[in-house]
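A quick write-up on the structure given underneath.
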């Protein structure tokens, strides 16, 4: 099907400032890690704002699971791109990322009591409310994306396999296998009409962005070696970390440790202290890179070092998602791809189900009081219709007072 120019330009485009403020609020309140972030996004952009429907959202999540980098941040960048072009993607990235990045840099520059205060009841309350957020997203997505026996079977099988093979390879393998099952078994009477995810970016621009990703990956080590500049070494190391890691923030941590600790840039004690603080802030765990740049033993460090490492670790994911989306929309139109995406969308529900158990549930629900707090948070989100930021705040206060 051919779409008019008005379809591509998207009549409902949002201003860059609006996009930044929406994602800033999410960046200030989205605790619980990447799976919880996807739940917050779904509530904000599928249910509340209706920027896209459930199927287009699941397609986007599946694409970001394929790509290296921080999947939840890439989903946010893609949503920003669809509403405001490249500047919208940048605004979404900045809004969602800056709160945790600034908090971690301040921690690295000496406010050590910040992490200590949140590292007990308050932090536990944030983990508990993440259970409610993910449960809400799991229920809503499951009803839409796995409503029949075949797709429910795919979802449960995906959850079982990913739970038994908890690795990035297991996740990608499940998505591929589910796509093949969908293509073979889910016929046209099952498929829903194609829903457009508008991307105001030409394919030529997308190709240039993808070319830039690979060129930087190849050239940065050469430039860093030739210049002997610590700034270039930082940029190169963190760009490669963002380019080569599947599975989100927890997977990138060992790679970052191998980059900065043996080289003497950051002591192991400082690395572990920063990792503890990163658990207490909202937003993407990849912002831990800003902390490492700030506490680097060599110059540039401080705010300059944080800016270098933060841009470097997120840039690969930004280039990949913005470069891929102009081609992705065309691929989604083909009948065979539609059937495959039905299977993949069911697998996304399965991945969410597996993550709901571990790490979301296992790290949060330690007692009957925790279960009661999570159930109350779910009630507040689903039936009382309280905004997620308020539920997060109330749950943190309740846990800090020893209620949960």
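In our numbering, the protein residues as written are 88 to 491.
Ideal Cβ positions, reconstructed from N, Cα and C, are used throughout, including at glycine.
Distance, residue j Cα to residue i Cα
{"i": "residue 406", "j": "residue 459", "result": "43 Å"}
{"i": "residue 293", "j": "residue 101", "result": "21 Å"}
{"i": "residue 145", "j": "residue 449", "result": "25 Å"}
{"i": "residue 493", "j": "residue 428", "result": "Past the boundaries of the shown model lies residue 493; the chain is included only from 88 to 491, so the question cannot be answered."}
{"i": "residue 29", "j": "residue 317", "result": "Residue 29 lies beyond the residue range present for the chain, which begins at 88 and ends at 491; the question has no answer from this structure."}
{"i": "residue 235", "j": "residue 442", "result": "22 Å"}
{"i": "residue 206", "j": "residue 425", "result": "Residue placement at residue 206 is flagged as unreliable, the pLDDT there being 48, under the threshold of 50; a coordinate-derived value is accordingly withheld."}
{"i": "residue 432", "j": "residue 266", "result": "9 Å"}
{"i": "residue 455", "j": "residue 391", "result": "46 Å"}
{"i": "residue 123", "j": "residue 310", "result": "38 Å"}
{"i": "residue 127", "j": "residue 313", "result": "44 Å"}
{"i": "residue 164", "j": "residue 367", "result": "23 Å"}
{"i": "residue 200", "j": "residue 270", "result": "Note that residue 200 scores a pLDDT of 46, beneath 50, so its modelled location is shaky; the value from the coordinates is reported in the next line. If I take the Cα positions, the gap works out to 54 Å."}
Cut-off 6 Å between Cβ atoms - residues of its own chain near residue i, not counting five sequence neighbours on either side
{"i": "residue 410", "result": "293, 296 and 297"}
{"i": "residue 231", "result": "141"}
{"i": "residue 261", "result": "245, 248, 249 and 434"}
{"i": "residue 229", "result": "436"}
{"i": "residue 213", "result": "118 and 483"}
{"i": "residue 413", "result": "286, 288, 290 and 293"}
{"i": "residue 209", "result": "483 and 487"}
{"i": "residue 195", "result": "378, 381 and 382"}
{"i": "residue 138", "result": "132"}
Nearest candidate by alpha-carbon position, reference residue i, set the options
{"i": "residue 150", "options": "416, 254 and 273", "result": "416"}
{"i": "residue 189", "options": "424, 487 and 371", "result": "371"}
{"i": "residue 404", "options": "375, 478, 180 and 488", "result": "180"}
{"i": "residue 452", "options": "215, 348, 161 and 339", "result": "215"}
{"i": "residue 440", "options": "240, 178 and 194", "result": "240"}
{"i": "residue 114", "options": "369, 457 and 193", "result": "369"}
{"i": "residue 376", "options": "399, 367 and 386", "result": "399"}
{"i": "residue 166", "options": "156, 193 and 178", "result": "178"}
{"i": "residue 419", "options": "171, 106 and 284", "result": "284"}
Residues of its chain near residue i, where Cβ-Cβ distance is below 7 Å and the 5 sequence neighbours each way are ignored
{"i": "residue 324", "result": "346"}
{"i": "residue 222", "result": "443 and 465"}
{"i": "residue 470", "result": "none"}
Per-residue burial, residue i [other beta carbons within 10 Å of its own, 16 or more giving buried]
{"i": "residue 169", "result": "buried"}
{"i": "residue 104", "result": "exposed"}
{"i": "residue 131", "result": "buried"}
{"i": "residue 238", "result": "buried"}
{"i": "residue 320", "result": "buried"}
Which ranges would you report for the alpha helix (DSSP H) in the region 341-402 if only whole runs of at least 4 residues count? 355-365 and 375-381
Which full runs of the alpha helix (DSSP H) of 4+ residues lie inside the region 410-458, going along the chain? 422-442
For the region 457-491, list the alpha helix (DSSP H) runs that are entirely contained and at least 4 residues long, ordered along the chain. 475-487
Ordered list of alpha helix (DSSP H) runs contained in the region 144-196, each at least 4 residues: 158-195
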